[in-house]
Each structure stands twice: as structure tokens, then as C-alpha cells.
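K.L.:
Please see the structure below; I have some questions.
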Amino acid sequence: MSVPLNILFWIIVVPGTVVLGLVACWIVRKVSALVQWRVGPPLCQPLYDIMKLMGKEILVPQDAQRTVFMAAPLVGLTGVLLLSIMLWRITVTQTSFVGDIIVAIYLMVLPSLALILGSSASASPHAAVGTSREMKLVMGYELSLVLAFIVVIIKMGRLVGAGLVEPGLQLSLAEIAKQTPVFSISGMLAFLVALLCVQAKLGFVPFDMAEAETELGSGILMEYSGALLAVWKVMQAVMLVALPLFLVVVFLGGFGTTGWPLVWGIGKYVLIVVLLILIKNTNPRLRIDQAMKFFWFYCGITLVAAIILATIGNYYGIGWL
Amino acid sequence: MSWKIWSLKKSPWVFHVNTGACNNCDIEIVNLLTPKFDVERFGIKLVGSPRHADALLVTGVATAQAAPRLREVYRQTPKPCVVFCIGACACGKGIFTTGYHVVGPVDKIIREIDPNAIIAYVPGCPPKPEAMISGVVKALSAL
Numbered sequence: 001m002s003v004p005l006n007i008l009f010w011i012i013v014v015p016g017t018v019v020l021g022l023v024a025c026w027i028v029r030k031v032s033a034l035v036q037w038r039v040g041p042p043l044c045q046p047l048y049d050i051m052k053l054m055g056k057e058i059l060v061p062q063d064a065q066r067t068v069f070m071a072a073p074l075v076g077l078t079g080v081l082l083l084s085i086m087l088w089r090i091t092v093t094q095t096s097f098v099g100d101i102i103v104a105i106y107l108m109v110l111p112s113l114a115l116i117l118g119s120s121a122s123a124s125p126h127a128a129v130g131t132s133r134e135m136k137l138v139m140g141y142e143l144s145l146v147l148a149f150i151v152v153i154i155k156m157g158r159l160v161g162a163g164l165v166e167p168g169l170q171l172s173l174a175e176i177a178k179q180t181p182v183f184s185i186s187g188m189l190a191f192l193v194a195l196l197c198v199q200a201k202l203g204f205v206p207f208d209m210a211e212a213e214t215e216l217g218s219g220i221l222m223e224y225s226g227a228l229l230a231v232w233k234v235m236q237a238v239m240l241v242a243l244p245l246f247l248v249v250v251f252l253g254g255f256g257t258t259g260w261p262l263v264w265g266i267g268k269y270v271l272i273v274v275l276l277i278l279i280k281n282t283n284p285r286l287r288i289d290q291a292m293k294f295f296w297f298y299c300g301i302t303l304v305a306a307i308i309l310a311t312i313g314n315y316y317g318i319g320w321l
Numbered sequence: 322m323s324w325k326i327w328s329l330k331k332s333p334w335v336f337h338v339n340t341g342a343c344n345n346c347d348i349e350i351v352n353l354l355t356p357k358f359d360v361e362r363f364g365i366k367l368v369g370s371p372r373h374a375d376a377l378l379v380t381g382v383a384t385a386q387a388a389p390r391l392r393e394v395y396r397q398t399p400k401p402c403v404v405f406c407i408g409a410c411a412c413g414k415g416i417f418t419t420g421y422h423v424v425g426p427v428d429k430i431i432r433e434i435d436p437n438a439i440i441a442y443v444p445g446c447p448p449k450p451e452a453m454i455s456g457v458v459k460a461l462s463a464l
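In order, the protein sequence lines correspond to chains A and B. At position 57 of the first sequence the residue is numbered 57 (my numbering), and the sequence of numbers has no breaks. At position 9 of the second sequence the residue is numbered 330 (my numbering), and the sequence of numbers has no breaks.
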């Protein structure tokens, strides 16, 4: 990539990601509306919402920890924007460093952590219930998500053994993006579990018990208003870009920047988003204990099976296992 | 018209406050949010917290129990916001005018704490969803 093009790319990457996120937000609302036999909102609706929230008064509860309450949305947004910048860098310039998958896993926890911090600083009983649910949910899905990535890393180990990938680089996303682990039994299992973990990370039904509009009155976000709420909404919109993109990079063989690989990459992204929306619209909300049991017990067993399969596959050199 | 008001008209989020209604108006409000009328076309969304709301849909006569809560909910709604009195009870006092427990109507309670509040009235017992849409349109175009 030439230098001016490179500079231009890094200038537009953050606003571009936010715009893509708002479009993805609209897709979620529109497809949900179509599933429910409605017309749905216009294309710019997420933009109008953000604009309106920016223009409104910011109310801070009397007993709240002001600093943490105001800083938490910015921390969350920063984390998820950093994650998306990392992913665009891998996709567009094909460069990465050893172990960036670990950095990405940490950055992915940051939004949930910021939500927990912000809502527990707001001194609201509804937010407190939401916080405790969000904490339990994070503990639930984080284990499954990391195990799912470990399956991919184990599968990369076979390529290191065969001399196709340099030792150490099996931990770098740019190398992982060149493989498609989903075309194997263990990779498929890991992908399905990771998809459900992303569903929980995005706070979509059936894992929206932390926000729970009908019982907690939007739980963790309850006390936020005005521009701070707008930052949370932007964060959720950017997560809608970053997390499916991360799944595409890790499991589905990444994104191209030109020609058919680009079209194919967009197709993969849309496929994941549509899967998420369909899961969202066809399931009722789980209780928190059901969700934890689901992630630790059922997903845990699935992933242990996937890890065993991947290890056996490595040992005997069977690619499809 | 400033961009704040313009965007407020494009996405009014509503919060439903029941101040002692008989549930008839509430059913009609829920009816308004069903796929038949699909108000999400206009960006109207039901939210769970008054801090997210731009419009309060108030039903009921404002009883002695509910009036302090109504004031508190109004204070917690970020401004600019609009109050909609939905139904005959919220607009006047309806058939409960002489009730011992009635301190309303709703607009009086709201004006006590904010004389400049923007209040719209949708009469009816209960008002039809079409009437509510018409009320929302009129109130927003008067902003």
C-alpha cells in the first residue's frame, strides 16, 4: 500500500468503523422488524438516536461515583475501537505481532468491564442487579471463548509442526486469518460456541439478562442519560462490527481487500451478523443460572471434546478432525 | 430549528408512567407498539428507564400515592422532554373527579415543579392508537 493511501486509511479508520457500526445497528433493527412482520426504522435511525442523545441533558445520580460513572463509557469505547483498529490492521496491511490474539481477548473484555464499572458506580439498585448478572455472564462465557480460541491455536500447531508457519506465529492473527479452521469438526464446534459467546458479549437475547428491559428497566444502562448513553450506544454499535469481524478473522479465514476475497469477506461478515440476529429473534431470555450452566456445562463439554479431537488430529496429522 | 430539536423529532423514546389508570389506556399504548402500527418506523421506541426517555406517556388520574412518584419521574427525565396526558383521566380527572384519593390532574402535578413543561393532551376513554399518533405528531411539530 502506498504511503498517502496508508495515511488516509489510518485517518478514516475510526470514523469509518463507527459509521459501519451504525449501519450494522440498523441492519439488526431492520431484520428484527422484518422477522416480526413490521416495516422497521429508516437507515439513518441509529444516527438520529445518537444525535438526539448528544443534545440532551446529562443527569448524574446524587450518590454516584462521578468520575468512574463519567469515565466508564469512554473506557469501553476506547477498548472496542482499539480492537477494531487491530483487526483492520491485520485485514488491510496484513501485519501483526506475535501474541496479538491474547491482546485481542483482553480488549474484548474491556467493554464488559467498563459496563460493570459504570453501572456499579451509579448507585442504583436496578443497575446493581444488572451488574451482578453481567459479572456472572462474563465469568460464564469468557472461559468458553478462550477455550474456543485455544482449539484454533492447537490446530495451528500442526502447521508449525509441518514447517508451514514459523514457531510462535501460531499466536498471531495475521497467520490465523490465512487458515479456515471451521472446515474441520473441532473447528466447527469451536466456531458455534464462539458465536454464542459473541451473542452474550453483544448482550443480545437470549443473553440480555443484564439489560433486561422488561424486568430491570434496562439494568446496567439504567442511570445513564444524554451524551454518556450515546457513548454506550456507539460502543455497542462498534462491537457489532468488531466482534463478528474477529470471528471472521479467527475461524472463517479472514477478509481480503480487493476483488473476490473482499466480496467473500463481506459475505462471511453478513452471514455471522444474520446468524446472530436470527438467534436473537427466535429465543426467549434465559435466567442467569441457566446461562452459566449453558456456558460452563454444555459449551465446556463441547469444547473439551473439540480440544481432544484437535489434539488427536494434530498427533496423527488428520486435517479434518 | 436547532439540530437538537430536529433529532428529537426523529427519535422520540417514550416511557410509560401509570399514575392510577384502570389499565385501559395502557392496553391501547401497548397496542400502539405492536406490529400493526409499528411506530419504530418513526423512531419511537419504548424504553425502560425515564433517564433514556424523551416523552412521558402518562395515564391515570394522579392519585395521592402516585403524584410524588410522577414528580420524581419527571425530574429524572433529561430535558428537553414532552409529557403526554393519555386518556380522559390524565387530561381532566374523568369520572374520578370527586374521588377522595385524586390530587391530579396530571398537568397540575407537572406544572407544580416545572411551569414551562411541554404538555400534550390526548383525550378519549381510551384514546385510539391513531389518536395517540396524531397527538404525538402535533406535539412534536409544535416544538
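Yeah, the Cβ is synthetic: ideal placement off N, Cα and C, and Gly gets one too. From a predicted model like this one, the values you see are computed outputs, not experimental measurements.
#1: What residues match up with His337 (chain B) in a beta bridge as DSSP calls it?
#2: Taking only beta carbons into account, state which residues of the region 24 to 37 of chain A come closer than 8 Å to chain B, listed in chain order.
#3: Mind checking the region 431 to 460 of chain B against chain A and listing, in chain order, the residues whose C-beta falls within less than 8 Å of any C-beta there?
#4: Output, in chain order, the set of chain A residues within a Cβ distance shorter than 8 Å of Arg392 (chain B).
#5: Taking Ala114 (chain A) as the reference, which of A:Val138, A:Lys268 and A:Ile312 has the closest Cα?
#6: DSSP state of Tyr395 (chain B), grouped into three classes?
#7: From Val351 (chain B) to Asp63 (chain A), what distance separates their C-alpha atoms?
#8: If you count every other CB in all the chains shown that lies within 10 Å of the CB of Cys446 (chain B), and 16 or more means buried, which is it?
#9: In whole angstroms, what separates the C-alpha of Val182 (chain A) from that of Phe191 (chain A)?
#10: Is Val160 (chain A) helix, strand or coil by DSSP?
#11: Use the C-beta contact count for Phe417 (chain B): other C-beta atoms within 10 angstroms, 16 or more gives buried, fewer gives exposed.
#12: Taking the alpha carbon of Gly254 (chain A) as the reference point, which residue from A:Thr17, A:Tyr269 and A:Val241 has its own alpha carbon closest?
#13: For the putative contact between Ile440 (chain B) and Leu391 (chain B), defined by C-beta atoms under 8 Å, what is the C-beta separation to the nearest angstrom?
#14: Counting beta carbon pairs with one atom in the region 56 to 76 of chain A and one in the region 218 to 236 of chain A, are three or more of them shorter than 8 Å?
#15: Would you tell me roughly how many angstroms separate the C-alpha atoms of Leu39 (chain A) and Val31 (chain A), rounded to the nearest one?
#16: Can you tell me the Cα-Cα spacing of Ala421 (chain B) and Cys410 (chain B), whole angstroms?
#17: What does the alpha-carbon distance come out to for the pair Met235 (chain A) and Leu22 (chain A)?
#18: Just to confirm, is the Cβ distance from Leu353 (chain B) to Pro450 (chain B) under 8 Å?
#19: Would you report the Cα separation of Asn339 (chain B) and Thr384 (chain B), rounded to the nearest angstrom?
#20: Quick one, which of A:Asn314, A:Leu82, A:Val129 and A:Ser144 has its alpha-carbon nearest Val18 (chain A)'s?
#21: Please list, in chain order, the residues of the region 352 to 370 of chain B that have any C-beta partner in chain C closer than 7 Å.
#22: Can you name the residues of chain A whose CB is closer than 7 Å to the CB of His373 (chain B)?
#23: Keeping to the same chain, check which residues put their C-beta closer than 6 Å to that of Gly341 (chain B); ignore five residues upstream and five downstream.
#24: Do Ala210 (chain A) and Gly130 (chain A) have their C-beta atoms within less than 8 Å of each other?
#25: Which residues of the region 395 to 409 of chain B have a Cβ closer than 7 Å to any Cβ of chain A? Give them in chain order.
#26: May I ask you to list the residues that DSSP assigns as paired with Val403 (chain B)?
#27: In chain order, what residues of the same chain lie with their CB nearer than 8 Å to the CB of Ile101 (chain A), ignoring the 5 residues before and after it?
#28: Starting from the Cα of Val92 (chain A), find the closest Cα among A:Ala123, A:Thr257 and A:Pro284 and give me that residue.
#29: Please state whether DSSP places Thr302 (chain A) in a helix, a strand or coil.
#30: What whole-angstrom Cβ distance do Ser186 (chain A) and Leu309 (chain A) have, given they're in contact under 8 Å?
#31: Between the region 36 to 53 of chain A and the region 73 to 89 of chain A, can you find at least three pairs of beta-carbon atoms closer than 8 Å?
#32: Buried or exposed: which applies to Gly313 (chain A), given that a residue is buried once 16 or more other Cβ atoms fall within 10 Å of its Cβ?
#33: What does the Cβ neighbour count give for Tyr316 (chain A), buried or exposed, with the cut at 16 atoms within 10 Å?
#34: Counting pairs of beta carbons, one from the region 110 to 129 of chain A and one from the region 270 to 282 of chain A, are three or more of them closer than 8 Å?
#35: At a CB distance below 7 Å, what residues from the region 327 to 354 of chain B approach chain A? Give them in sequence order.
#36: Please return the same chain residues whose Cβ sits closer than 8 Å to the Cβ of Ile307 (chain A), not counting the five positions on each side in sequence.
P.N.:
The short version:
#1: B:Leu378
#2: Arg29, Ala33, Gln36 and Trp37
#3: none
#4: Under the 8 Å cutoff, chain A gives no residues; its nearest Cβ is about 15 Å from Arg392 (chain B).
#5: A:Val138
#6: helix
#7: 34 Å
#8: exposed
#9: 7 Å
#10: helix
#11: buried
#12: A:Tyr269
#13: Between Leu391 (chain B) and Ile440 (chain B) the Cβ distance is about 12 Å, and since that is not below 8 Å, they are no contact.
#14: yes
#15: The sequence given here has Val at residue 39 (chain A), not Leu. If you take the alpha carbons of Val39 (chain A) and Val31 (chain A), they lie about 9 Å apart.
#16: At residue 421 (chain B) the sequence reads Tyr, which differs from the Ala that was named. Distance between the alpha carbons of Tyr421 (chain B) and Cys410 (chain B) is about 15 Å.
#17: 10 Å
#18: yes
#19: 10 Å
#20: A:Leu82
#21: In the structure shown, chain C cannot be found, because the protein chains are A and B.
#22: Ser218, Ser225 and Leu229
#23: Gly381, Val382, Thr384 and Ala387
#24: yes
#25: Gln397, Pro399 and Lys400
#26: B:Ala376 and B:Ile439
#27: Phe149, Ile153, Leu171, Ser172, Leu173, Ile176 and Val250
#28: A:Thr257
#29: helix
#30: 4 Å
#31: no
#32: buried
#33: exposed
#34: no
#35: Ser328, Leu329, Lys331 and Ser332
#36: Leu147, Ile150, Val151, Ile154 and Ser186
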